[in-house]
Structures are given as C-alpha cells and as structure tokens.
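Q: In my numbering, the protein residues as written are 113 to 406. All residues carry an ideal CB built from backbone N, CA and C; glycine is no exception.
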C-alpha cells in the first residue's frame, strides 16, 4: 500500500468508522520508503499527530508535530503556521500557558505577513487558540477580541465547524462575566447545530451550559448536561472531554457530598494522567489539596 492510500484508509477509520486507535496502528506499521516525497511524508506525520492526540498520547503528538515542522519547507507559511497553532493548542493542557502563547504568537507572526484574504481557516484557528490562552490567563477582553476575530475569518471562509466552536468559546467569556442570558442564548442555538454538523463540540457545549445551571442553582439540569458530555466522550474516546466531565461532576458534588466529589475528581485525575495532560493534572491536584483540607 502506498503512502497516500494508507492515509485515505486511516482517515476513513478515524472519521467514518470512529476508530482512531485502529487508524493509528495502521499508520505506525508504515516505514518510510525511498520514493515517498517530503510533502506526502509531512501529511503522514500530521495525520499521525492528530491520531496520537485523539487517543490521548499528547506528548507523542507534540513530538510528531515537531518532526513534521523539520520536514516542511520554510516558505510554506500556511502549513507551518497551522502546525504551530496545533502545538499551541496541545501545550495549553500539557506544557503550560506561556509555552502555548509563544507558539500561537509565532503562528500569528507568520500569518501577519500574508494578505488579508489569504488563509482564512488557519487565521480563524489561530485566533481561536489565542482566545483560549487569554481566557485561561483570565484576560477576558483579550480573549473576546481574539474569539471575535477568529469568528470573522471563519465566516469569511464558510468554516462551519470553527463558527460552532468559536461561538461556544464566546459563550464561555459571557459565563465568566456572569452574563448568563447571552451565554444561554448562544449555547442553546449552537447545541442543535453541533448535533447535526460537529459532534466533537458537544461535550464542551454541554459542560458550559452545565456551569450556567450550576451557578443559578439548577443542579439537576447541570448534572444532566454533564452526564450527556460524559456519555459522548466515552463513546468517542475523547480523553480531555471525559476528564473535564468527571471534574465538572466533582464540582457539583462539592456542594452536596464530599465523598462523591472526591470519587469523580479521582476519575478525572486518572483520565488526565492517561492522556498526559500534565497541566490539567497539576491544576486538579492543587484544587483537591485545597478543597479536601477544609
């Protein structure tokens, strides 16, 4: 089987058959041949990096992205920026926010040298990651600015998947500002959209809406949404979403039952460690040390 046919089969296994582990096993068996040109090999590495990410091996995913960069010509600004953006997204939950910010700004530095109408999808993705970083740093206005810039580029490109996720990210800022009405309006609309067009966004949407319900005292609705996120994450083997679902349920039970809360936090830790989400693991351990010493 040649390299391109292998990639097609692996992509089918991931996207249509919903089996990223099987796809990764197929890709890992392949040894580079003399006739494999660099551009095809870069695509092979990028698909492997995505599959490592999907199966929870974030450390190997980052290293595979780095290897892809080494094989990529420097003049390929679009792909180089997109790889840096992908690495930045992984770094948020692994190597830390400052490293993530550095990678995202490198990507944006490359994109700023291009024409306004060039590479709108990559620009949408990069602004989205910068928004996530500023959100995690607590800089809500910068986060909102970057999310809105990303949404503008996503709309220009007809990039529906990113329109859905960025709308969810914007709702997150409104939640942090306690503007629940605006946040719920966005989430209720785009949960329906995600069910039909972008299932991967559903766990995050459910968890955001659960946070609103929790803040306004509607605990049963919050639990229902968290369990919905958990169910989808288990079905799809989405480690980060599953860990965040367990953690969210632990936060709910902190107000009701410390024993149950601890059980769900420990499940979240197990998943974070399995996925090598070092930053999330450290953050949750710190939170547990604080909450259970009271």
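Can you list, in chain order, the residues of its chain whose CB lies under 8 Å from that of residue 118, leaving out five sequence neighbours each side?
A: Contacts found: 138, 139, 142 and 156.
Q: Does DSSP put residue 350 in a helix, a strand or coil?
A: Coil.
Q: Using alpha carbons as the reference points, say which of 128, 351 and 402 lies closest to residue 379.
A: Among 128, 351 and 402, the Cα nearest to that of residue 379 is on 351.
Q: Roughly how many angstroms lie between the CA atoms of residue 227 and residue 256, to the nearest whole one?
A: Residue 227 and residue 256: Cα-Cα distance of roughly 23 Å.
Q: Who are the near neighbours of residue 393 in its chain, counting only those whose CB is closer than 8 Å to its CB and skipping five residues on each side?
A: Answer for residue 393: 381, 384 and 385, listed in chain order.
Q: Span of the alpha helix (DSSP H) holding residue 113?
A: Careful: residue 113 lies outside any alpha helix (DSSP H) and carries neither H nor E.
Q: Of all the options 390, 391 and 374, which has the alpha carbon lying nearest to the alpha carbon of residue 402?
A: Looking at the Cα atoms, 374 is the closest of the given residues.
Q: What residue does the alpha helix (DSSP H) around residue 202 start on, and which one ends it?
A: Looking at the DSSP string, the run of the alpha helix (DSSP H) that includes residue 202 is 189-205.
Q: Let me make sure I understand the geometry here. Which of 208, 234, 161 and 209 has the alpha-carbon closest to that of residue 192?
A: Closest option to residue 192, Cα to Cα, is 234.
Q: So residue 325 is in the alpha helix (DSSP H); what residue range does that whole segment cover?
A: It spans 314-327 - the alpha helix (DSSP H) in which residue 325 sits, taken as one unbroken run.
Q: Under a three-way DSSP split, which group does residue 147 fall into?
A: Coil.
Q: Between the Cα of residue 194 and the Cα atoms of 217, 397 and 245, which residue gives the shortest distance?
A: Ranking the options by Cα distance to residue 194, first place goes to 217.
Q: My parser needs the beta strand (DSSP E) runs of 3 or more residues fully inside the region 274-305; what are they?
A: Entirely contained in the region 274-305, not one beta strand (DSSP E) run reaches 3 residues.
Q: Any chance you could list the alpha helix (DSSP H) runs of at least 4 consecutive residues sitting entirely within the region 364-402, in chain order?
A: If we require 4 residues or more, the alpha helix (DSSP H) runs fully inside the region 364-402 come out as 370-386.
Q: Starting from residue 224, trace the alpha helix (DSSP H) in both directions and tell me its first and last residue.
A: From DSSP, residue 224 is part of no alpha helix (DSSP H); its letter is neither H nor E.
Q: For residue 310, which residues of its own chain have a beta-carbon under 8 Å away from its beta-carbon, when the five flanking residues on both sides are left out?
A: Same-chain partners within the cutoff: 272, 273, 276 and 277.
Q: Shortest alpha-carbon distance to residue 214 belongs to which of 319, 289, 200 and 205?
A: Of the listed residues, the one whose Cα sits closest to residue 214 is 200.
Q: Since residue 168 is in the alpha helix (DSSP H), which residue starts that stretch and which ends it?
A: Counting along the chain, residue 168 falls outside any alpha helix (DSSP H), and DSSP gives it neither H nor E.
Q: Just the Cα atoms here: how many angstroms apart are residue 186 and residue 302?
A: Answer to the nearest angstrom: the Cα atoms are 38 Å apart.
Q: Does DSSP classify residue 249 as helix, strand or coil?
A: Correct three-state label for residue 249: coil.
Q: On the three-state DSSP scale, how would you describe residue 359?
A: Reduced to three states, the DSSP call for residue 359 is helix.
Q: Beta-carbon within less than 8 Å of residue 288's beta-carbon, same chain only, minus the 5 sequence neighbours each way: which residues are those?
A: Answer for residue 288: 247 and 252, listed in chain order.
Q: Spatial neighbours of residue 131 within its chain, please: C-beta separation below 8 Å, excluding the five flanking residues on both sides.
A: Within the same chain, residue 131 has close Cβ partners 125.
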